[in-house]
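5 is the number of the first residue of the sequence shown in the working numbering; add one for each residue after it. Below is one structure, written out as C-alpha cells; comments come after it.
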Amino acid sequence: FLIIAQMPDPQPAWAQQYNFDMQPCWARKFEPPAITSHESQDVIRTLLTIYERTGDEKYLAPIPKALDYLDTCVLPDGMMARFYELKSNKPLYMTSDYQLTYDDSDTPTHYGFKQGQNLKALRAQYDALRSGKPSRSSKRSPRTLAKDATPIVAGLDAKGRWVSKVSGERLAGQPKFRDLPEYLSSEVFAKNLTTLAEYVASLK
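So, in C-alpha cells, the structure goes:
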C-alpha cells in the first residue's frame, strides 16, 4: 500500500488520507487533500524498517526521489509546512477559524501546521542500509532495551492493560464521545508491544 500510495512526480511523497480511487481527500476539517511532510517522513521511516526486516529492494525504491522532493520543501527557517498544496506545492495552512490559506500567522494551536524535519537522518539511514552497514537501531543491547521495557511492564494495571488519561479538549472534527477520564490507546499498545518484542528478540 505504501508503495502504490506514493504520489507521482513532481510531488513524489504521500498524502495524509486517500479515497477509494487512491486520490488525496479531506479528513477532518483541518486536514485537506495535500502532500504531507510529517506523514511522508513516517512512511519513509516505515519503508526503511520493512527493508531491514525483509531485505526486499522494492521497499527502498520509493525513497530517493521522495527525499529529494522533500528537501525542496524545507522552509527558509529549516521547518516544514505540514501540508503542501497539490500541483502548486505551496505551503498550505489553516486560519484559526479553519479556512485554507497560504499564510501561517493565524493557525490553530492544537495541530502542527508547521514542524521540524528529520530528512538528513532519514537519508543517512537510507545510505547506511544501501551500503550494507547495520543501522543504529540494530545495535541496541539487551541492557538498553531492558531499560525501555521495565517501565512498560510496570505500567500495566491489574487487568494487564496500559491505561491512558484524557488530556486537552476534543479537536475540531472529532466525534462527540462521552467524556471519559481514562481510555485504552491502540497507539500506546502497539508502541509498547513493539518495544517488548524487541527486548525478547534481543535475548535469543
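All C-beta atoms, glycine included, are put in the ideal place defined by N, C-alpha and C.
Grouping DSSP H, G and I as helix and E and B as strand, with all else coil, what is residue i?
i	result
F87	strand
K208	coil
V232	One cannot answer for residue 232 here, as it falls past the ends of the chain, which runs 5 to 208.
Q27	coil
A162	coil
T53	helix
P146	helix
P14	coil
L71	helix
L200	helix
T113	coil
T154	helix
Do residue j and residue i have their beta-carbon atoms positioned less than 8 Å apart in this structure?
i	j	result
Y97	T113	no
Q20	T40	yes
P37	L90	yes
L133	E56	yes
M83	G120	yes
L6	Q129	no
F24	Y102	no
V235	E191	Outside the shown range of the chain, which is 5 to 208, sits residue 235, and nothing can be said about it.
K118	Y106	no
T199	A153	yes
A17	L74	yes
Y22	P14	no
Going by DSSP, what residues sit across from residue i in a beta bridge?
i	result
P95	Y88
L104	M98
I8	Its beta-bridge partners do not exist; DSSP assigns none.
K62	Note: K62 sits in no beta bridge, so no partner.
K195	Answer is none; K195 lacks a bridge partner.
Q119	M84
L188	V167
A19	I39
Take the Cβ of residue i as the centre, count every other Cβ of all protein chains shown within 10 Å, and call the residue buried at 16 or more, exposed below.
i	result
M26	exposed
F193	exposed
A85	buried
Just checking my contact of residue i with residue j at CB under 8 Å: how many whole Å lie between their CB atoms?
i	j	result
L71	L126	6 Å
L149	Y203	4 Å
L197	R165	Rounded, the Cβ-Cβ distance is 12 Å, inconsistent with contact.
I67	I54	Wrong, their Cβ atoms sit about 11 Å apart, outside the cutoff.
C77	Y88	6 Å
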